[in-house]
Amino acid sequence: MTAELFLLILLALPLALLLGWLLGRRGRAGRRSGGSGMRADYYQGLNYLLEEQPDKAIEVFIRMVEVDSSTVETHFALGSLFRRRGEVDRAIRIHQNLIARPNLNRNQRHQALFALAEDYMRAGLLDRAESLFLELTDVRAYMESALSRLISIYEQQKDWDQAILMARKLELATGHPQNDRAAQYYCELAEARLNERDLRQARRYLKRAEMFDRRNVRAAMLRARLMREEGNPRSGIRSLRRALETDVSLALEVLPSLYRLFQESSQGEGFSMVLEDLRTASDDAVSQIALAAIVDPDIKDPVAEACIAQYLRGAPGLKGFTELVELLTGQPPEDSEQSMQSLRHALQRLLEAAPKYRCNECGFTARHLLWQCPSCKSWNSIRPHYEISLPHVLNPPTSGMEIRR
0 MTAELFLLIL
10 LALPLALLLG
20 WLLGRRGRAG
30 RRSGGSGMRA
40 DYYQGLNYLL
50 EEQPDKAIEV
60 FIRMVEVDSS
70 TVETHFALGS
80 LFRRRGEVDR
90 AIRIHQNLIA
100 RPNLNRNQRH
110 QALFALAEDY
120 MRAGLLDRAE
130 SLFLELTDVR
140 AYMESALSRL
150 ISIYEQQKDW
160 DQAILMARKL
170 ELATGHPQND
180 RAAQYYCELA
190 EARLNERDLR
200 QARRYLKRAE
210 MFDRRNVRAA
220 MLRARLMREE
230 GNPRSGIRSL
240 RRALETDVSL
250 ALEVLPSLYR
260 LFQESSQGEG
270 FSMVLEDLRT
280 ASDDAVSQIA
290 LAAIVDPDIK
300 DPVAEACIAQ
310 YLRGAPGLKG
320 FTELVELLTG
330 QPPEDSEQSM
340 QSLRHALQRL
350 LEAAPKYRCN
360 ECGFTARHLL
370 WQCPSCKSWN
380 SIRPHYEISL
390 PHVLNPPTSG
400 MEIRR
């Protein structure tokens, strides 16, 4: 028996067991009405599987499952099995076959419509899935699930207006607030308008985002960008300070823009004051400030450079690095502008190869900030995640290796 044949039989086993159960369940009725034909179909289907002809086997099994009140659930089980195995075309055929039957009751029809919509969604046929889910939003038993699926579809299509509408309907249907989600949708709309330099409409969308979530960091960052476009850096500074107070973990994204706004407003010393306030308010602030200054070489500030030196002395992956620099240069790196710039450049090189962001929900890693995780679809879950460590060449093994001089 080939490996491919063994795998095929293994995959088909749940289907065969399911149909065997059906055959046994209907055995008594079969004995009264010529059940030998059904048994013949069953064995013929198994034979097709063994001969690696799954499509013919499917046709036989579908023909076997006569749709009536006692076999509808078996159809659903078969369709679900095919969808889980990735055989969406076969699942679609089964559920379409169900819907075409005139003897389904209302609940069975709704179940079949939902299953078919799931098939379409899995196959990427979003327009067809959308149509069926919209129909099911009027069915109480499927309203919540259908609305959730529609939200997912509109997110994929970036149809934020429809996503907002469905989120509001979902909140009314379930009583669970959707404010965080709605705020992100309005931020998407605002960012698109900013990119088009439609500042007036961007302002309107940002106002709505802030109505849904007053502490939304993304909205604060976008408002700072809007203020800068309008030539109002001081208002932009206020927005970014509010963002830092809300979530210091995004300092890596916020501080470069904040630094530039302070420079544009001729208040460069104010940036140092913000950094000092951050260091006092948060234990994580030192590493966040240091990383922001390492990533963006334009940030030239004494507090930021002091944070870099402090971070290097405490980072497990960089143990001894600062001491090595001091040994080579004869002074601490923060005491020499040239040494500090060289150090920052070296650290930038170490950061280039590492993933810079990670989803706190599923662990997905990315090279830049994403507001929605591509993997688990969570919003506002991706945050900077840097683990700087020296290359392994600087830490050679201490045993099992001959050292040549």
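Residue numbers (numbering that gives the first Met the number 0): 0 to 404.
The C-beta atom is built at its ideal place from N, Cα and C for all residues, glycine as well.
This one's a predicted model, so the numbers in the text were calculated from it and none came from an experiment.
Looking at the backbone, the Cα of T245 and that of R105 are separated by about 50 angstroms. Judged by DSSP secondary structure, R312 falls outside any beta strand (DSSP E) and instead within the alpha helix (DSSP H) spanning 301–313. DSSP, reduced to helix, strand and coil, places W370 outside both helices and strands of the structure shown, so it counts as coil.
Rounded to whole angstroms, S238 and G78 show a C-alpha spacing of 52 angstroms.
About 5 angstroms separates the Cβ atoms of A189 and L221, confirming a contact at the 8 angstroms cut-off. Contact annotation: the segment 160–174 does not touch the segment 195–204, with fewer than three C-beta pairs closer than 8 angstroms.
Residues of the same chain with a CB within less than 6 angstroms of the CB of R127, apart from the 5 flanking positions on each side, are Y119 in chain order.
About 14 angstroms separates the beta carbons of L368 and E187, which is beyond the 8 angstroms limit, so they are not a contact pair. Runs of alpha helix (DSSP H) with 4 or more residues, each lying fully within the segment 233–278, are found at 250–263, listed in chain order. Straight across, the Cα-Cα distance linking R139 with A145 is about 10 angstroms. Rounded to whole angstroms, the separation of the alpha carbons of R180 and M210 is 12 angstroms. S264 has its alpha-carbon roughly 19 angstroms from the corresponding atom of E275. The criterion of a C-beta distance shorter than 7 angstroms is not satisfied by V87 and A111. The alpha-carbon of L342 is positioned some 25 angstroms away from that of F261.
For H384, the closest alpha carbon among the candidates H74, E134, A90, V247 is that of V247.
Leaving aside the five residues that flank L125 on each side, the residues in its chain whose CB is nearer than 6 angstroms to its CB run, in chain order, I152.
Here P232 is buried: its Cβ has 16 or more other Cβ atoms, across all protein chains shown, within 10 Å. No residue range can be given for I298, since it is assigned to no beta strand (DSSP E) and is classified by DSSP as neither H nor E. T364 and R100 have their alpha carbons spaced roughly 47 angstroms apart.
CA-CA distance, N178 to Q340, rounds to 44 angstroms. Its Cα nearest to that of A223, the residue G235 stands out among R213, G235, V216, E229. Here Q347 has I293, V294, P296 as same chain residues with Cβ atoms under 8 angstroms from its own Cβ, once five neighbours each way along the sequence are excluded. C358 carries a strand assignment under DSSP once its states are collapsed to helix, strand and coil.
For A99, no pairing in a beta bridge is given by DSSP. Per the C-alpha coordinates, the member of F113, V71, G85 positioned closest to L97 is V71. The continuous stretches of alpha helix (DSSP H) do not include R382, which lies in the beta strand (DSSP E) extending over residues 381–383. Remark: C-beta atoms of C375 and E360 approach each other more closely than 7 angstroms.
For T136, the secondary structure class from DSSP, reduced to helix, strand or coil, is coil. Note on geometry: alpha-carbon atoms of E143 and D283 lie some 40 angstroms from one another. Across the set L257, L243, R148, the C-alpha of R148 shows the shortest separation from the C-alpha of A116.
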